[in-house]
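Everything below concerns the one structure shown next.
Chains as they are written, first to last, in our numbering: chain A, 1 to 131; chain B, 1 to 131; chain C, 1 to 131; chain D, 1 to 131.
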């Protein structure tokens with residue numbers, strides 16, 4: 001599990017007084033940096049090799065401004081050329097949001113999916129989600 | 001079906017040269033205004049009665065800056081107190097992104113789900129998605 | 001003057017119930033597309049030749065969700081290698097926000113400012129701001 | 001001086017390969033939390049008493065994804081009912097962006113500016129910017 005603590009910003013709120021739902025994909029993508037580094041250790045965009053296929057986000061409880069949020073990032077599936085990242089946002093002792101993102105190992109010059117190397121699979125499996 | 005044409009903004013792109021995936025929930029929420037008005041015709045935030053339970057977003061093809069995008073919004077399920085909004089983003093003649101959002105009719109003072117009225121159900125059913 | 005009408009989105013609001021101040025640079029950049037096209041008519045990012053040097057934004061009145069906003073874009077200065085874009089956001093019959101952005105004609109391969117061509121200067125001058 | 005370290009997110013970049021200019025007001029507002037707490041120690045939005053009058057942002061050098069950024073926040077003017085916050089964004093040993101925000105002590109029920117109390121002025125003066 002990778003953990004990141006963030007401080008929600010005033011601009012992340014909406015007129016209903018809590019964090020707007022559209023911030024979660026932004027935060028979750030930020031927290032996936034730890035996963036991106038398994039593929040591109042220096043995060044060099046010219047060597048990027050991941051593309052997003054799909055994500056879902058489920059809201060369990062409201063998130064608020066003024067209290068820090070913990071983002072927990074796990075790997076929940078390792079396939080041949082793709083894998084799933086499962087993430088949670090915790091605040092005030094509660095799991096407030098969870099979601100899964102399907103990432104594909106991708107060759108941007110060919111525009112084709114590529115098999116994930118065995119060495120990266122080993123790294124991904126170190127962070128596997130256990131319910 | 002509700003249709004909205006938007007012009008993607010420079011700031012919606014990311015370093016891979018296309019539209020960043022996190023913009024889709026923003027655009028889809030914007031395009032749900034048409035649905036919000038069935039519940040709160042003047043969009044008065046003090047009378048707001050919808051809360052988001054879940055959404056998913058699937059990426060079929062890249063979206064680019066410099067060409068307009070059509071957002072298509074349908075209702076794909078009408079339940080007792082909740083309903084699903086199915087949406088698509090089209091550009092260069094292709095369905096590039098699709099996604100479904102589960103909305104709940106919600107009483108913000110009680111913090112409880114409420115049954116959707118029959119008259120609103122009739123309106124929602126006018127925009128039902130047919131595959 | 002270039003004019004663009006936008007519909008503010010729910011996610012553009014903040015917990016104080018109005019549009020968050022950080023949306024204005026986003027909207028103003030979007031509305032500068034008309035100016036970008038004078039330099040790069042097809043908005044092809046590989047031929048981009050503008051860089052931002054500075055901007056300021058002044059808030060005269062609150063902007064709200066639920067009513068459309070007109071973005072007005074003018075040129076307020078044409079220099080040798082740089083120019084100023086002056087913009088306003090209007091809602092409910094009022095000029096609510098105004099701001100100026102300093103743009104530089106820039107060669108991304110040399111990382112150097114370049115003189116603006118006479119033909120582009122003529123185009124810029126057609127949209128000059130008159131108080 | 002208040003200092004905050006942030007990790008720029010993938011979604012903060014744009015198609016030119018660096019951080020998009022519109023992120024700076026977002027980050028600077030986030031970093032002003034330290035200042036907001038001088039007025040509203042618990043950041044309770046129902047007791048909020050600040051409004052933004054104006055800001056400017058100047059770009060000195062590009063900011064990139066993949067390296068942390070330090071946001072430095074100072075007070076550069078203390079007036080009767082308003083004050084200026086001067087901020088800088090540093091990366092790779094360089095001051096890349098700077099900007100000043102004019103904040104007004106504001107009574108949201110009366111919609112009127114209010115004098116800043118002497119005790120808050122003392123706190124603000126502890127963080128004054130010295131060139």
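Think of the CB as a built atom: it goes at the ideal place given N, C-alpha and C, for glycine as much as any other residue.
The beta carbon of residue 51 of chain B sits closer than 6 Å to those of 104 and 106, all from its chain and outside the five residues before and after it, given in chain order. When DSSP states are grouped into helix, strand and coil, residue 20 of chain C belongs to the coil group. For the set B/42, B/61, B/48 and B/38, the Cα lying nearest the Cα of residue 20 of chain B is the one of B/61.
Among the residues facing chain D, residue 45 of chain C is included, as its CB has a counterpart in that chain under 7 Å away. For residue 88 of chain B, no CB of chain C lies under 7 Å from its own CB, so it is not counted at the interface with that chain. In this structure, the alpha-carbon of residue 12 of chain C lies about 18 Å from that of residue 47 of chain B.
Residues of chain A whose Cβ lies closer than 8 Å to the Cβ of residue 53 of chain B are, in chain order, 58 and 59. In this structure, the straight-line span from the alpha carbon of residue 9 of chain D to that of residue 87 of chain D is close to 20 Å. Check the Cα spacing between residue 58 of chain C and each of C/112, C/113, C/128 and C/101: the tightest is with C/101. Close to residue 29 of chain B, with beta-carbon spacing below 9 Å, are these residues of chain A in chain order: 20, 21 and 22. Under the criterion of beta carbons closer than 8 Å, residue 56 of chain D and residue 55 of chain C qualify as touching, at roughly 7 Å. Here the alpha carbons of residue 38 of chain B and residue 112 of chain B stand approximately 20 Å from one another.
Within chain A, 14, 20, 21, 22 and 23 have C-beta atoms less than 9 Å from the C-beta of residue 11 of chain C, given in sequence order. As DSSP reads the structure, residue 103 of chain A sits in a beta bridge with A/52 and A/83.
Below the 8 Å Cβ cutoff, chain A contributes 43 and 45 as neighbours of residue 65 of chain D, in chain order. Inclusion of residue 43 of chain B and residue 66 of chain C in the CB contact set at 7 Å is warranted, their separation being smaller than that value. For residue 102 of chain D, the closest Cβ of chain A is not nearer than 7 Å. For residue 123 of chain B, the enclosing alpha helix (DSSP H) has its first and last residue at 118-125.
For residue 26 of chain A, at least one C-beta of chain B is nearer than 7 Å to its own C-beta. The beta carbons of residue 90 of chain B and residue 118 of chain B sit about 33 Å from each other, so the pair does not count as a contact at 8 Å.
Secondary structure note for residue 2 of chain C: its beta strand (DSSP E) is the uninterrupted segment 2-6. In the three-state DSSP reduction, residue 109 of chain D falls in the coil class, being neither helix nor strand. Rounded to the nearest whole angstrom, the CA to CA distance from residue 4 of chain D to residue 122 of chain C is 45 Å.
CA-to-CA, the gap between residue 25 of chain D and residue 22 of chain C works out to about 6 Å. With respect to residue 1 of chain D, residue 77 of chain D sits apart: the two C-beta atoms are not nearer than 7 Å. Residue 68 of chain D carries a coil assignment under DSSP once its states are collapsed to helix, strand and coil. Here DSSP, grouped into helix, strand and coil, assigns residue 34 of chain D to helix. In the same chain as residue 128 of chain C, and ignoring 5 residues on each side of it, the C-beta atoms closer than 8 Å to its own belong to 74, 75, 76 and 78, in chain order. In this structure, the CA atom of residue 124 of chain D is about 27 Å from the CA atom of residue 93 of chain D.
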